[in-house]
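**Q**
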Amino acid sequence: MVVFATSVFLLLAFIYWRTAGFMTAQTDETIEAEIAGLAEQYRGRGINGLITLIRERVSRDPNAKSLYLFTTDDYVKLAGNLKSWPEKARSNSGWINFTLNEKVGWSGPKRQARARVFEVQGGLRLLVGRDVDDLTTLKKLIETAINWGMGITLALALLGGFLMSRSTTRRIEVINNTSRKIMNGHLSLRIPTRGTQDDFDQLADNLNRMLDRIVYLMEGIRHVSDSIAHDLRTPLTRLRNQLESTLMAVDNDEAREQAGRAVAEADQLLATFNALLRIARLETRGNSADMKAISLDLLVSDACELYEALAEDKHQYFEQSMDEEVMIEGDRDLLFQMVSNLIDNAIKYTPEEGEIAVRVRFDGPDAILEVSDSGIGIPDSEKDQVFQRFYRVGKSRSLPGNGLGLSLVSAVTEIHQGAIQLSDHHPGQDHPGLTVQVRLPGLQPDKKRIKTTTVKALPAGGDETPITDSPEGPHAESDASGTTRSA
């Protein structure tokens, strides 16, 4: 709109400048021609001849289009159709613009005039001009027309800009909406075209061809990896069973130990292939999971109960803090796998007597699951890469694992239209730990209460001391109804 309006303004300004300048130049040329005629008469007939000529011209011009005033050096009128000098003419020589009114002896309505003033030999003064009121009126009409034209131009530019922007925004929004759906797993979608072969259609065609190529390559890679995992799982299972049979059959302790290690390695390989196939199934399922309303806090509590013994074996502090009735819509089995992977990772990478915290809460309309630990953590430069298959942080390569746990967590989160965020649990320390926050769309209950459960795993051989229900206990707190409770 600005570019269009500026262009029109410059064009109209040029037209006005050329038109007004041409009319003013014409008026000046007319005045110059009259001055030249008077000067010629003055040279031939003297002052008396000049006076006579001015009177003749005045008599032939009853409408006073031409203006004359010939005076002595003390402004006493000798001839002309004006009675006195304009104020500007008394102090200036050359071209002047003034108003015809009663002060100069004008009896009609006020009008605009332009004249040239100069001195004649002997100190006499001469003013020759013309009535330019029609010219001034015409300029005002042109200015008014330009102002209206600019207003109409701005209105049309605004309307045209709005329509163009709206049309462009619609086309872009179609591309954005389709792209978001494709990113959410609908890889079969393509950007629609209008068949006009304009720039947007060409862009959509290029993007669609690019998507087709990407899907083709992804399917090829996925097919190869899934086929390898599927084809190797069966012989590995047979090998593992044979090793286990051998383990049960041999009596030699050394042979039994070697067979046991072989069985453990086979179990690790089978776990890796099973994880690969599970992730592949999740990625191909998209949004076709069995979605039901479930209580996230109860699901997480079940998973924590399953891993409490493992945390106790490592003498770790295992804390649970959960809002009650944190309802979400999801696939219970997939979510249980996700939570189990997160808790298992936290226990695995947290040293003995470390701290693990599992929290479930509401944050506005979303349900939040947080699993924190005091382990080795993940550098900021690698936080975006740990969701890739088989990627492992350098500091954790000596620990058991296959680098597929967070890949599975990411796949489950995407199916549930959630988001994952990784952050340091204790920033700035040698062991910063890790906090994995999973944000899922929540179903708000009518009410919610806070229930905090803390389980402390003591060293082997010690007696676990339960925390009493006393309000003065270190973990006591009140729920929404005012009742004090503790774990």
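Each residue of the sequence shown is one higher than the one before, counting from 415 in our numbering. Every residue gets a Cβ at the ideal spot worked out from N, C-alpha and C, and that includes glycine.
1. Distance check for V826 and L756, CA to CA, integer angstroms please.
2. Just reading off the beta strand (DSSP E) that N511 is part of, what are its end residues?
3. Apart from the five residues just before and just after V753, which ones in its own chain have a Cβ nearer than 6 Å to its Cβ?
4. Give every residue of the same chain whose Cβ lies closer than 7 Å to the Cβ of K502, excluding the five residues on either side of it in the sequence, and list them in chain order.
5. By the three-class DSSP mapping on this structure, what secondary structure does Y456 have?
6. Given a cut-off of 9 Å on the beta-carbon distance, is the pair T902 and A419 in contact?
7. To which residues does DSSP link D777 through a beta bridge?
8. Tell me which residues share the same chain as L540 and place their Cβ nearer than 7 Å to its Cβ, disregarding the 5 neighbours each side in the sequence.
9. Note down the Cα distance separating L424 from Q440, rounded to an integer number of angstroms.
10. Our contact map puts G789 next to G847 with C-beta atoms below 8 Å; I'd like the distance itself, whole angstroms only.
11. Just to confirm before moving on: does the CB-CB distance between D903 and E769 stay below 9 Å?
12. Check whether the Cβ atoms of L481 and A447 sit closer than 9 Å, and answer yes or no.
13. With a CB to CB cut of under 8 Å and the five nearest residues on each side skipped, what residues in its chain are close to L653?
14. Buried or exposed: which applies to P500, given that a residue is buried once 16 or more other Cβ atoms fall within 10 Å of its Cβ?
15. What residues are listed by DSSP as bridge partners for E769?
16. Quick one: what does DSSP say D877 is sitting in, helix, strand or coil?
17. Among H729, K762 and R544, which residue has its Cα nearest to the Cα of G494?
18. Is it buried or exposed, A559, if we count other Cβ atoms within 10 angstroms and call 16 or more buried?
19. Since A771 and S735 should fall inside the 8 Å C-beta cutoff, what is the C-beta to C-beta distance between them, to a whole number of angstroms?
**A** So, to answer that:
1. 12 Å
2. G508 to L514 is the extent of the beta strand (DSSP E) around N511.
3. V714 and A717
4. I510 and F512
5. helix
6. This structure cannot speak to residue 902, because the chain is shown only from 415 to 901.
7. D780
8. F484, F532 and V534
9. 24 Å
10. 6 Å
11. Past the boundaries of the shown model lies residue 903; the chain is included only from 415 to 901, so the question cannot be answered.
12. Going by C-beta atoms, L481 is not nearer than 9 Å to A447.
13. A680
14. buried
15. Note: E769 sits in a beta bridge opposite Y731.
16. At D877, the pLDDT of 46 sits below 50, so the modelled position is not reliable and the matter cannot be decided from this model.
17. R544
18. exposed
19. 7 Å
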